[in-house]
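Numbering (this note's numbering), first residue to last: 19 to 979. Glycine included, every Cβ here is placed at the ideal spot set by N, Cα and C. Everything on this sheet refers to the single structure shown next.
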């Protein structure tokens, strides 16, 4: 795709008039060569004498942070057969150390500067590129100078000695192992079929155990010489600083970089051909039946011109019309649960139109025929002007939102956009340019042009399909190929009826309310209102995110109002409550009244309230409030979404057992809450019992319950917002709160056992997961200690990572978490968990025991404490510049003002702590007699022994870091 960066995958295309003033070839920046797309003047582009290209920009979102991206034009497609996985392996080795930093020290340097490993400092490898990412908080000349020096050493002279390679090899193999499972099997099979006879068919970035195991220093050094060269590199720097400083330091550290030996030559990736073998069936008992199709065309390097991007927009609109028709048919109860179409240029290998189908039941042939029938209709009959107008309104709104939010768009996203443009060999443009051209090209959206576009999208050199199935299908491969080659009849009943439906179709809530009381929470610039009907409101008008308003309507008592002893249908709310409609309006009607608007509904359950939330903008605020209030006051109980959700849940249920991680996600919260049914994932029998009647019976009284708290945080006029609130939420009938159930606010941590709780998964036999947890607490009374626990947990997490991953290679992603429910009196816990092999489960428990013992017996060093506290400080500083942080912290504060008090010490609690306090917390909470263990093993595996072996002496120093 081109520089498509906004909602719905909309592209940014330039203003036609501006193109008339294109710069001369001599002054045109490197990203815009051979393009008439107007240059985004907020960027400074340059090229060093050694061929390294760069783009730099000032962007103060979030304040103090600078985002650096270093891209190398090398991915798995550049590897030879013997080098599979080397690009990704090189990424790992590069982070370990270089001439400028000892092995493993780069991570610690950036921690001291406030960067969190994994989120602020990371890297990724794809088939076509390797990208190193650093989001440096509280950036200044010194920290930028140090960071760019480290990055330059990483790419120019990484540590490729046998010691580093043998240390990192198990880590990469652990990552490969943790990715293994049914989903990876399907992904590999899909790639082999869709890219048959092309290089991408067998070039997963992770590589193979054989090639990774055979990698030697000499092989990796030669790979590095070919591909890690300045002429293959692009550096992007965007952030809160002087672009002149960025450029100065970039030149200081990268201008002397020179490639060694012969440069790599990008190989021919191959082109799709018309092949005989066009189908494949993969049997995976834990996955639902699913059909993936591609209509493949050769990928071609394009000149990223205005005309080219205009055609992409037309293609997108054509596909969106088909997707709307497919969804309409699914909602009406068709032969498939879900289906969609899309276009993508994949890894410079194919230009493909992709089709995905989830059949309902066993009759996959009917589902495939139905979807093909919808597509056949679109390729034979032109759309109506009304169809086109609806999609144009949606696209226009999405592009307009991009314009409104551009000034507060994060620097990291804009840096990533440049990198992605380089990867696909195209350009970037501002959202305003995109919107201008979109509106100027309205006359190009004719029925005839869209029909022509649709025909081309569904024409190619080869059509192929892969189906996953939980059970064997007799002659499935032959039948699938036959279905693809069969003539299909165009459907005649799939067009969506268009109508001019607006918010007048939504009933008014009632008589406008009034403000009973108003008070300022001065320390936070928050205003609290109480309305005449008892609704409470928190208002925080600000311009931290331009033209964006976060709305959160909290009602009822959430999990506190549900019995801790009896199962309920609380889990069904996320499936169908929003989709069941409002008043007289179902899903399709709600789609129509919100066409071209920034209006939505999202449902969730918190410990103390149910929530309906949305992001909107000033122009849509009142209608957004009207829609949420109407959902509470006058809900619709359409049975179709309930039936569809039940079918979807049953179809996907077996995937809960597909891997250790899936089992953990299914059962962990239920287990650590003492098997409290409020956190239990439903069984198949529970899903089968769900129907429209019991769904309504459960949710109707909850939607009518109180108390109600409305939160508005964002860019709005206070007086206008209050008027809109009074006409909507102020007009609600007064509500009675649901009673808090006995014992509901005191969930119980599981009792310690002699051995671990054992669960099984049905995935790869070489995968397992283990966890150990300790109870902590809950509530606001001791919230300050819970924040200090975050420091302890971060140190614990860092040590577990260093030993299990960096030193032993036993796990790729071990982690330690701290959970402290503010709304409950208990239920908090510290949990350490990891994915690993079954024979490494005891190793995990041994390492955890060793770390915990050291944390209890010895104070941490000042350096280790700093490397945890500073990232926490910077994380809070950056998060607090946005509204989502403050909204999450203040939920429920209008009914519990103690939350405002607790917020006053937040930063201090996280960042002012001594080594002795950390040790005291470890002694208090990491108690051997209270810990609880969980292990997830492959089905049929022997039960893991629980008698931990003595801890190896060599690990002691690592445990104390």
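Tell me, to the nearest whole angstrom, how far the beta carbon of residue 507 is from that of residue 775; I am working on the premise that it is less than 8 Å.
Not quite, the Cβ-Cβ distance comes to about 55 Å (not below 8 Å), so this is no contact.
Would you report the Cα separation of residue 86 and residue 352, rounded to the nearest angstrom?
48 Å
Alpha carbon to alpha carbon, what distance is there between residue 678 and residue 959?
Those two C-alpha atoms are separated by around 13 Å.
So who's on the other strand from residue 851, going by DSSP bridges?
789, 833
Since residue 364 is in the beta strand (DSSP E), which residue starts that stretch and which ends it?
354-364
CA-CA distance, residue 824 and residue 114?
9 Å
Straight-line gap, residue 90 to residue 146 (C-alpha atoms, nearest Å):
9 Å
Flag this pair as touching only if the stretch 399-413 and the stretch 362-378 have three or more C-beta atom pairs under 8 Å; answer yes or no.
no
With a 10 Å radius around its C-beta and 16 neighbouring C-beta atoms as the bar for buried, classify residue 522 as buried or exposed.
exposed
Straight-line Cα distance separating residue 646 from residue 416
Each residue's Cα considered, the two are about 21 Å apart.
Residue range of the beta strand (DSSP E) that residue 65 falls in?
62-65
Are the CB atoms of residue 238 and residue 107 nearer to each other than 8 Å?
Yes; because the gap between Cβ atoms is below 8 Å, this pair is in contact.
Under 7 Å Cβ to Cβ from residue 530, same chain only, skipping five residues before and after it: list those, please.
Excluding the 5 residues flanking it on each side, residue 530 has same chain C-beta neighbours closer than 7 Å at 744, 745, 748, 749, in chain order.
Span separating the alpha-carbon of residue 172 from that of residue 185:
17 Å
Helix, strand or coil, according to DSSP, for residue 72 in the structure here?
Of the three classes helix, strand and coil, the one that applies to residue 72 here is strand, per DSSP.
Count the other CB atoms within 10 Å of the CB of residue 913; is the residue buried (16 or more) or exposed (fewer)?
exposed
Taking residue 924 as part of the beta strand (DSSP E), name the residues at either end of that continuous run.
Careful: residue 924 lies outside any beta strand (DSSP E), inside the alpha helix (DSSP H) at 924-929.
Buried/exposed call for residue 643, threshold 16 Cβ in 10 Å:
buried
Please work out which residues of its chain come closer than 6 Å, Cβ to Cβ, to residue 321, disregarding the five sequence neighbours upstream and downstream, and give them in chain order.
52
Nearest to residue 1032 by alpha carbon, out of 666, 175, 330?
In the structure as shown, the chain starts at 19 and stops at 979, and residue 1032 therefore has no counterpart that could be examined.
May I have the straight-line CA-CA distance separating residue 723 from residue 649, to the nearest angstrom?
12 Å
Name the two residues that bound the continuous alpha helix (DSSP H) containing residue 119.
No alpha helix (DSSP H) holds residue 119; DSSP gives it neither H nor E.
By a C-beta neighbour count over all protein chains shown, 10 Å radius and 16 as the cutoff for buried, is residue 967 buried or exposed?
The pLDDT assigned to residue 967 is 34, lower than 50, so where the model puts this residue is not dependable; a value taken from the coordinates is nonetheless given after this. It is exposed - the Cβ of residue 967 has fewer than 16 other Cβ atoms within 10 Å.
Bridge-paired residues (DSSP) for residue 374
310, 358
According to DSSP, is residue 908 helix, strand or coil?
Residue 908 carries a helical assignment under DSSP once its states are collapsed to helix, strand and coil.
So does the stretch 182-197 actually touch the stretch 917-924, counting three or more Cβ pairs closer than 8 Å?
no
I'd like the list of long-range same chain contacts for residue 640, defined as Cβ closer than 6 Å, with 5 residues on each side in sequence excluded.
742
So that I know if they touch, is there some Cβ in chain D lying closer than 8 Å to that of residue 891?
Reference to chain D is not applicable here, since this structure consists of a single protein chain.
Report buried or exposed for residue 926, applying the criterion of at least 16 other Cβ atoms within 10 angstroms of its Cβ.
exposed
In the DSSP assignment, what are the bridge partners of residue 702?
In DSSP, residue 702 forms no bridge with anything.
Taking 8 Å as the threshold (C-beta atoms), are residue 189 and residue 110 in contact?
yes
Excluding sequence positions up to five away, which residues of its chain have a Cβ less than 7 Å from the Cβ of residue 856?
In the same chain as residue 856, and ignoring 5 residues on each side of it, the C-beta atoms closer than 7 Å to its own belong to 786, 955, 956, 959, 962, in chain order.
Which listed residue (349, 366, 476, 362) has its alpha carbon closest to that of residue 395
Nearest to residue 395 by C-alpha distance, out of 349, 366, 476, 362, is 476.
In whole angstroms, what separates the C-alpha of residue 40 from that of residue 911?
With a pLDDT of only 43 at residue 40, under the threshold of 50, the placement of this residue in the model should not be trusted, and no figure is reported.
Compare the beta carbon distance of residue 936 and residue 791 with 8 Å and say whether it is the shorter of the two.
Not a contact, by the Cβ cut-off of 8 Å.
Check whether the Cβ atoms of residue 338 and residue 462 sit closer than 8 Å, and answer yes or no.
Going by C-beta atoms, residue 338 is not nearer than 8 Å to residue 462.
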